[in-house]
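Novice:
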Amino acid sequence: MQPSTKTAAGRFFEDFRVGDQLRHATPRTVGEGDAALYSAIFGARFAAQSADTFAAAIGYPRSPLDDLLAFHIVFGKTVADVSLNAIANLGYADCRFLKAVYPGDTLSAVSEVIGLKENSNRQSGVVYVRSQGRNQRGEIVLDYVRWVMVRKRDSAAPAPRPVVPDLPDAVGLESLGAACPPIGVAQYDRTLAGSPYLWGDYEAGERIDHVDGVTVEEAEHQIATRLFQNTAKVHFNQFSEGQSRFGRRLIYGGHVISLARALSFNGLANAFHIAAINGGRHVAPLFAGDTVFAWSEVLAREELPGRNDVGALRLRTIATKNRPCGDFPSRQGEGYDPAVILDLDYWALAPR
Amino acid sequence: MQPSTKTAAGRFFEDFRVGDQLRHATPRTVGEGDAALYSAIFGARFAAQSADTFAAAIGYPRSPLDDLLAFHIVFGKTVADVSLNAIANLGYADCRFLKAVYPGDTLSAVSEVIGLKENSNRQSGVVYVRSQGRNQRGEIVLDYVRWVMVRKRDSAAPAPRPVVPDLPDAVGLESLGAACPPIGVAQYDRTLAGSPYLWGDYEAGERIDHVDGVTVEEAEHQIATRLFQNTAKVHFNQFSEGQSRFGRRLIYGGHVISLARALSFNGLANAFHIAAINGGRHVAPLFAGDTVFAWSEVLAREELPGRNDVGALRLRTIATKNRPCGDFPSRQGEGYDPAVILDLDYWALAPR
Amino acid sequence: MQPSTKTAAGRFFEDFRVGDQLRHATPRTVGEGDAALYSAIFGARFAAQSADTFAAAIGYPRSPLDDLLAFHIVFGKTVADVSLNAIANLGYADCRFLKAVYPGDTLSAVSEVIGLKENSNRQSGVVYVRSQGRNQRGEIVLDYVRWVMVRKRDSAAPAPRPVVPDLPDAVGLESLGAACPPIGVAQYDRTLAGSPYLWGDYEAGERIDHVDGVTVEEAEHQIATRLFQNTAKVHFNQFSEGQSRFGRRLIYGGHVISLARALSFNGLANAFHIAAINGGRHVAPLFAGDTVFAWSEVLAREELPGRNDVGALRLRTIATKNRPCGDFPSRQGEGYDPAVILDLDYWALAPR
Chain A
70 MQPSTKTAAG RFFEDFRVGD QLRHATPRTV GEGDAALYSA IFGARFAAQS ADTFAAAIGY
130 PRSPLDDLLA FHIVFGKTVA DVSLNAIANL GYADCRFLKA VYPGDTLSAV SEVIGLKENS
190 NRQSGVVYVR SQGRNQRGEI VLDYVRWVMV RKRDSAAPAP RPVVPDLPDA VGLESLGAAC
250 PPIGVAQYDR TLAGSPYLWG DYEAGERIDH VDGVTVEEAE HQIATRLFQN TAKVHFNQFS
310 EGQSRFGRRL IYGGHVISLA RALSFNGLAN AFHIAAINGG RHVAPLFAGD TVFAWSEVLA
370 REELPGRNDV GALRLRTIAT KNRPCGDFPS RQGEGYDPAV ILDLDYWALA PR
Chain B
70 MQPSTKTAAG RFFEDFRVGD QLRHATPRTV GEGDAALYSA IFGARFAAQS ADTFAAAIGY
130 PRSPLDDLLA FHIVFGKTVA DVSLNAIANL GYADCRFLKA VYPGDTLSAV SEVIGLKENS
190 NRQSGVVYVR SQGRNQRGEI VLDYVRWVMV RKRDSAAPAP RPVVPDLPDA VGLESLGAAC
250 PPIGVAQYDR TLAGSPYLWG DYEAGERIDH VDGVTVEEAE HQIATRLFQN TAKVHFNQFS
310 EGQSRFGRRL IYGGHVISLA RALSFNGLAN AFHIAAINGG RHVAPLFAGD TVFAWSEVLA
370 REELPGRNDV GALRLRTIAT KNRPCGDFPS RQGEGYDPAV ILDLDYWALA PR
Chain C
70 MQPSTKTAAG RFFEDFRVGD QLRHATPRTV GEGDAALYSA IFGARFAAQS ADTFAAAIGY
130 PRSPLDDLLA FHIVFGKTVA DVSLNAIANL GYADCRFLKA VYPGDTLSAV SEVIGLKENS
190 NRQSGVVYVR SQGRNQRGEI VLDYVRWVMV RKRDSAAPAP RPVVPDLPDA VGLESLGAAC
250 PPIGVAQYDR TLAGSPYLWG DYEAGERIDH VDGVTVEEAE HQIATRLFQN TAKVHFNQFS
310 EGQSRFGRRL IYGGHVISLA RALSFNGLAN AFHIAAINGG RHVAPLFAGD TVFAWSEVLA
370 REELPGRNDV GALRLRTIAT KNRPCGDFPS RQGEGYDPAV ILDLDYWALA PR
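Residue numbers (our numbering), protein chains in the order written: chain A, 70 to 421; chain B, 70 to 421; chain C, 70 to 421.
#1: In or out: Asn154/A buried (at least 16 other Cβ within 10 Å) or exposed?
#2: Kindly give me the distance between the Cβ atoms of Leu411/C and Ala329/C, rounded to whole angstroms, as I take these residues to be in contact under 8 Å.
#3: Note down, in chain order, every chain B residue with its Cβ under 8 Å from the Cβ of Arg114/C.
#4: Since Val214/A and Pro234/A are thought to touch, with beta carbons under 8 Å apart, how far apart are those beta carbons, to the nearest angstrom?
#5: Out of Glu243/B, Val99/B, His342/B and Ala94/B, which has the shortest C-alpha to C-alpha gap to Tyr129/B?
#6: When DSSP labels each residue in this structure, what does Val352/A get in the three-state scheme?
#7: Over the uninterrupted beta strand (DSSP E) stretch that includes Ile410/C, give me the two end residues.
#8: Are the beta-carbon atoms belonging to Ile183/C and Tyr197/C less than 8 Å from one another?
#9: Which residues mark the beginning and the end of the alpha helix (DSSP H) in which Ala110/A is found?
#10: Could you give the DSSP three-state label for Arg220/C: helix, strand or coil?
#11: Since Tyr266/C meets chain B, which of its residues come closer than 7 Å, beta carbon to beta carbon?
#12: Output, in chain order, the set of chain B residues within a Cβ distance shorter than 7 Å of Glu101/A.
#13: Counting pairs of Cβ atoms below 8 Å between the segment 137-153 of chain C and the segment 305-325 of chain C, do you hit three or more?
#14: Going by alpha carbons, who is nearest to Arg206/C out of Pro374/C, Gly173/C and Glu187/C?
#15: Buried or exposed: where does Gly404/A fall if 16 or more other Cβ atoms within 10 Å of its Cβ makes it buried?
#16: Look up Arg215/B in the DSSP assignment and say whether it is helix, strand or coil.
#17: Less than 8 Å between CB atoms is the rule here; does Thr360/B satisfy it with respect to chain C?
#18: When DSSP builds the beta bridges, which residues end up paired with Lys186/B?
#19: Determine which residues of the segment 177-205 of chain C have a Cβ less than 9 Å from any Cβ of chain A, and write them out in chain order.
#20: Can you name the residues that DSSP bridges to Phe69/C?
#21: Does the beta-carbon of Asp136/A, which I'm using as the reference point, lie nearer than 7 Å to any heavy atom of the ligand COA?
#22: By Cβ distance, which residues of its chain are closer than 6 Å to Gln256/C, with the 5 residues on each side in sequence left out?
#23: Name the residues in the segment 154-175 of chain B whose C-beta lies less than 7 Å from a C-beta of chain A; which are they?
#24: Is the distance from the Cβ of Trp416/B to the Cβ of Ala363/B below 8 Å?
#25: In whole angstroms, what separates the C-alpha of Ile387/A from that of Ala120/B?
#26: Would you say Thr98/B lies against chain A (beta-carbon separation less than 8 Å)?
#27: Note the first and the last residue of the continuous beta strand (DSSP E) segment covering Phe341/B.
#28: Taking C-alpha atoms, which residue in Tyr161/C, Ser365/C, Glu366/C and Ala109/C lies nearest to Asn347/C?
#29: What are the boundary residues of the beta strand (DSSP E) that includes Ser365/C?
#30: Could you have a look at Gln205/B and say whether DSSP puts it in helix, strand or coil?
#31: Near Arg350/C, what residues of its chain come up, given a Cβ to Cβ distance below 8 Å and the 5 sequence neighbours on each side ignored?
#32: According to the Cβ coordinates, are Glu275/C and Val409/C closer than 8 Å?
#33: State yes or no: is the C-beta of Arg199/A within less than 8 Å of the C-beta of Glu181/A?
#34: From Glu83/C, Glu372/C and Lys390/C, pick the residue whose C-alpha is nearest to that of Gly246/C; which is it?
#35: Is it right to say Ser453/A is buried, meaning 16 or more other beta carbons lie within 10 angstroms of its own, or is it exposed?
#36: Let's test the definition: count the other Cβ atoms within 10 Å of the Cβ of Gln90/C and tell me whether it reaches 16, buried, or not, exposed.
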């Protein structure tokens with residue numbers, strides 16, 4: 070008898086068509102267990118996500134799950150259909166958090182192929198997908214675009230007509246805040262939240278060293294990435310990765326984003342909600358044993374149309390490995406300071 | 070004053086009598102936290118256990134806990150009374166999953182000694198126990214036999230009359246499915262579940278390479294095994310195990326079963342419920358740093374008496390360490406391919 | 070633009086005044102996820118905290134959270150305000166557990182500075198704080214004193230008038246048991262609890278070797294310490310700690326307390342509730358890879374005023390690293406056996 074062909078091999082570049090709709094497995098009910106584990110692995114301390122009482126005082130029904138936990142769970146579902154044969158995760162854009170996620174919600178994900186461009190070497194191509202995470206009521210909680218470089222199964226397969234979507238450099242102010250209820254600013258206790266600085270205290274151009282560093286262990290990133298049901302092989306299989314150019318398991322890029330966000334509490338404690346991710350670049354890989362540091366620059370401070378409870382801060386957070394950020398390492402010549410691993414541009418909301 | 074004798078030393082071979090009833094400590098309420106941690110450590114992705122919405126659509130009140138999580142928690146309770154002085158866990162048989170376990174249920178365990186046979190060297194003997202896990206309503210959720218080789222305290226202690234229970238090679242079809250409610254097959258969404266293949270698509274003799282590999286870390290297996298309140302010393306104490314013949318902490322055999330089951334999702338995504346374990350053999354030990362792979366053979370495809378919603382697949386899943394399973398490593402001569410660590414025979418249910 | 074000054078640098082010795090009231094960030098709702106993770110990392114098996122059914126049978130509304138989980142969460146909140154610039158955590162006293170904590174409760178913490186004493190070298194001083202953990206109803210769940218040696222920012226800063234609080238050697242019997250409801254001793258099932266020995270079976274002077282050993286991994290202590298939102302840098306940052314005198318990340322002292330408590334189940338299974346901590350000393354640091362052992366001495370057995378359901382055992386638990394405790398290692402000459410890492414004096418309650 071022939072070996073079974075029931076094992077999923079993942080899509081190759083020539084398997085994608087612009088307009089394809091992909092409904093992803095496996096839906097997931099997220100709960101307090103996920104929140105506790107997320108907290109224990111990343112060390113987030115933002116008060117609204119930590120304490121039901123704090124959340125309820127300012128206008129949430131209870132503590133929402135961390136925005137990035139929802140992001141990673143939605144992202145994880147897309148891997149088997151989009152990036153199982155990916156060479157690299159190239160970028161994110163237009164990521165909007167549209168609905169708060171609470172314990173007990175069930176998240177599922179769909180993606181649409183919105184762009185395709187074969188590389189000149191004909192061995193691979195870039196696939197653009199717009200992915201949406203939905204809750205059990207069908208409400209969109211999260212919507213974002215990412216693009217990945219995917220291998221071809223057969224380099225002789227014909228190239229598709231190139232389609233490169235037009236993506237915004239940044240999410241517009243009118244798209245921010247849908248997941249954030251009206252905040253009772255008078256009830257927002259800054260002492261409990263860990264910082265006296267509100268939206269109006271930040272200025273464009275301000276640079277904040279988040280000071281602390283955190284060393285990552287193999288067990289930690291594996292546990293987190295499996296919590297997200299992200300099945301990318303490079304994170305889990307030392308037998309095969311030991312033979313790769315790095316000789317190591319690669320840590321999921323989203324792990325770095327969550328670590329940097331948690332570190333940013335020290336300096337940005339009241340920037341309690343990520344409203345959008347404008348773009349992000351994984352500049353270099355992270356491996357177990359490395360220590361992650363981060364700093365942020367305030368790119369802009371903007372009012373939100375029709376709201377005077379919270380305002381938006383456009384932040385650029387840079388994470389490094391094995392290098393403190395007191396001198397704000399960043400771009401350097403054509404590239405980056407060699408310690409930089411993440412360059413993330415996002416909108417966070419803070420009370421006014 | 071003499072040192073206290075209040076510390077449990079565990080039973081030795083001569084402490085067991087056929088017919089002994091053992092009520093085990095410690096009962097345990099299992100919840101969403103356990104489910105999240107189980108998911109994060111093993112990476113299970115079966116939809117019925119992952120999403121309350123999926124489970125409710127097909128006929129469960131909500132997502133049940135993973136069958137093996139219930140198994141490990143029940144098994145863990147038996148260790149202090151049965152196998153604290155075990156040399157080896159020799160086998161399992163007649164393991165039937167009789168009732169779904171839900172978050173909030175409290176599991177407790179009892180065992181009956183059903184067989185005893187001293188080894189010819191008079192240093193040890195084989196103890197057979199039938200163990201039952203019960204929920205807070207006293208309903209049996211799980212019933213299985215295992216046998217272990219246990220040290221004698223005193224080699225001169227008289228040998229008991231040998232009693233070797235008659236155990237079935239496989240659990241009969243009439244004993245399968247009690248823990249599985251009537252499944253609404255029309256509501257079973259194969260796309261969300263991750264595979265188009267239903268019960269009828271599998272054939273006896275079919276071999277499925279589950280492809281992926283997962284490297285195990287010390288922290289992972291320790292965290293999991295403690296979650297199960299399994300107190301076997303060999304899993305946790307490097308100071309003593311460093312002086313053993315392996316020089317390493319041994320990973321709980323059930324950890325391998327759960328990893329193999331999670332890997333089997335790739336090829337068996339719709340085999341959503343383990344109805345019974347016919348037998349299992351831990352062929353070789355697993356250590357931290359090793360990478361586990363798995364493949365399965367369909368031994369049989371059978372209808373369940375009186376049910377046309379789900380059918381049974383008898384599966385043999387073999388796990389290896391540090392060796393991909395594309396060529397289906399298995400028995401070899403008198404023994405096994407040296408990479409094989411687990412040979413498990415079980416019944417899983419899938420929608421028809 | 071200047072770098073931001075919004076990052077918390079922590080208080081230095083000269084920033085404290087006797088009478089200062091510190092309201093700590095971040096409140097935290099604790100739940101089943103925290104309980105599962107605590108259980109999985111420390112391996113606690115006390116029945117009242119493990120099974121809702123057991124807890125309900127004896128008089129709790131449901132399983133309370135482990136006493137030490139509540140302690141660590143409260144302690145964690147104080148770090149950013151009290152000990153971010155600490156050189157050493159010198160001691161605890163007068164720690165009373167006043168109210169059981171249940172899943173869903175939200176814990177917050179406040180501290181009062183109750184003593185200050187500059188060291189003769191003028192580089193640092195000792196800060197005494199009384200900290201209280203409260204639940205969402207404002208009830209005090211936990212009240213304790215700790216003292217830490219804190220760096221001065223400027224050695225020339227004037228010394229405060231020395232104030233050293235008068236602290237009890239042990240918590241008085243009248244202060245024990247507020248967190249323990251009336252226990253239905255007839256319903257206390259000793260088999261399920263794991264030991265036949267009740268309060269009256271212990272004698273002052275009795276020594277109990279807890280036998281088992283548990284090796285600690287970096288991922289485990291980091292995950293636990295972050296679960297407690299304890300931000301002390303020494304536990305997480307190998308980049309900086311690699312340059313310290315130890316060259317290693319230090320494990321949070323509370324981690325050792327929880328491991329020793331979990332190990333003490335073997336011999337003290339019915340000492341189900343920690344009512345008070347009289348004092349504790351972290352004699353030497355613990356590092357990942359070390360194996361922790363523990364033994365306990367019964368210092369006293371006392372009736373509780375007005376109660377005949379439970380009695381108090383004053384216990385001294387000593388933990389070691391990489392050294393079994395069969396010969397009860399303890400003080401030695403002026404100091405301690407070199408393997409000792411913890412010397413803890415506490416009151417536990419057990420059924421009569």
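Just so you know, even glycine gets a beta-carbon here, dropped at the ideal spot from N, CA and C.
Specialist: A quick look at the data gives this:
#1: Here the question's residue 154/A lines up with position 85 in the first sequence. Label assigned to Asn154/A: buried.
#2: The residue you call residue 411/C lines up with position 342 of the third sequence. The residue you call residue 329/C lines up with position 260 of the third sequence. Confirmed, Cβ separation roughly 6 Å.
#3: To locate residue 114/C, count along the third sequence from 1; it is residue 45. By Cβ distance, chain B contributes Ala94, Thr95, Gln298 and Thr300.
#4: The sequence position of residue 214/A within the first sequence is 145, counting from 1. The sequence position of residue 234/A within the first sequence is 165, counting from 1. Here Val214/A really is in contact with Pro234/A; their C-beta atoms are around 7 Å apart, less than 8 Å.
#5: Residue 129/B sits at position 60 when you count from the first residue of the second sequence. Nearest C-alpha to Tyr129/B: His342/B.
#6: As a working note, residue 352/A is residue 283 in the first sequence. Coil at Val352/A, not helix or strand.
#7: Here the question's residue 410/C lines up with position 341 in the third sequence. In the DSSP annotation of this structure, the continuous segment of the beta strand (DSSP E) that includes Ile410/C starts and ends at Val409 to Pro420.
#8: Taking the third sequence and counting its residues from 1, one reaches residue 183/C at position 114. Taking the third sequence and counting its residues from 1, one reaches residue 197/C at position 128. The Cβ atoms of Ile183/C and Tyr197/C sit closer than 8 Å to each other.
#9: By one-based count along the first sequence, residue 110/A stands at place 41. According to the sequence provided, residue 110/A is Ile. The question's Ala does not apply to it. Its alpha helix (DSSP H) spans residues Glu101 to Phe111.
#10: As a position in the third sequence, residue 220/C is number 151, starting the count at 1. Note: Arg220/C maps to strand in three-state DSSP.
#11: Here the question's residue 266/C lines up with position 197 in the third sequence. Simply Lys75.
#12: Start at 1 with the first residue of the first sequence, and residue 101/A comes out as number 32. Glu101 and Gly102, listed in chain order.
#13: Yes, the segment 137-153 of chain C is in contact with the segment 305-325 of chain C.
#14: Numbered from its first residue, the third sequence carries residue 206/C at position 137. For Arg206/C, the closest of Pro374/C, Gly173/C and Glu187/C by C-alpha to C-alpha distance is Gly173/C.
#15: Against the first sequence, residue 404/A aligns to sequence position 335. Counting Cβ neighbours within 10 Å, Gly404/A comes out exposed, since fewer than 16 surround it.
#16: In the second sequence, the residue the question calls residue 215/B occupies position 146. Three-state DSSP puts Arg215/B in a strand.
#17: In the second sequence, the residue the question calls residue 360/B occupies position 291. No, no contact with chain C.
#18: Within the second sequence, numbered from 1, the residue matching residue 186/B stands at position 117. Its beta-bridge partners are Val195/B.
#19: Answer set for the segment 177-205 of chain C: Ser177 and Gln205.
#20: Residue numbering for chain C in the displayed model covers 70 to 421; residue 69/C lies beyond these limits and cannot be assessed.
#21: Of the ligands one can find in the structure shown there are none, so the ligand COA has no counterpart to examine.
#22: In the third sequence, counting from the first residue as 1, residue 256/C sits at position 187. Excluding residues within five positions, the ones whose Cβ falls inside 6 Å are Ala126 and Ile127.
#23: Within the segment 154-175 of chain B, contact with chain A at the beta-carbon level (separation under 7 Å) is assigned to no residue.
#24: Your numbering for residue 416/B matches position 347 in the second sequence. Your numbering for residue 363/B matches position 294 in the second sequence. The Cβ atoms of Trp416/B and Ala363/B do not sit closer than 8 Å to each other.
#25: Stepping through the first sequence from its first residue, residue 387/A is reached at position 318. Stepping through the second sequence from its first residue, residue 120/B is reached at position 51. So the two alpha carbons sit approximately 35 Å from each other.
#26: Translated into the one-based positions of the second sequence, residue 98/B becomes position 29. Taking CB atoms only, Thr98/B has no neighbour in chain A less than 8 Å away.
#27: Taking the second sequence and counting its residues from 1, one reaches residue 341/B at position 272. Boundaries for Phe341/B: no beta strand (DSSP E) harbours it, and the DSSP string shows neither H nor E there.
#28: Reading the third sequence from its first residue, position 278 is the one you call residue 347/C. Considering only Tyr161/C, Ser365/C, Glu366/C and Ala109/C, the residue with the shortest C-alpha distance to Asn347/C is Tyr161/C.
#29: Here residue 365/C refers to the residue found at position 296 when the third sequence is read from its first residue. Start and end: Thr360 to Glu372.
#30: If you number the second sequence from 1, residue 205/B lands on position 136. Per DSSP, reduced to three states, the secondary structure at Gln205/B is coil, with no helix or strand assignment.
#31: Taking the third sequence and counting its residues from 1, one reaches residue 350/C at position 281. Contacts found: Gly160, Leu411, Asp412 and Leu413.
#32: Working through the third sequence from its first residue, we reach residue 275/C at position 206. Working through the third sequence from its first residue, we reach residue 409/C at position 340. Not a contact, by the Cβ cut-off of 8 Å.
#33: As a position in the first sequence, residue 199/A is number 130, starting the count at 1. As a position in the first sequence, residue 181/A is number 112, starting the count at 1. In this structure, Glu181/A lies closer than 8 Å to Arg199/A by Cβ.
#34: As a position in the third sequence, residue 246/C is number 177, starting the count at 1. When each option's Cα is compared against that of Gly246/C, the closest is Glu372/C.
#35: Here chain A comprises residues numbered 70 to 421, so residue 453/A is not present and cannot be evaluated.
#36: Locating residue 90/C in the third sequence gives position 21, counting from the first residue. By the C-beta density criterion, Gln90/C is exposed, having fewer than 16 other C-beta atoms within 10 angstroms.
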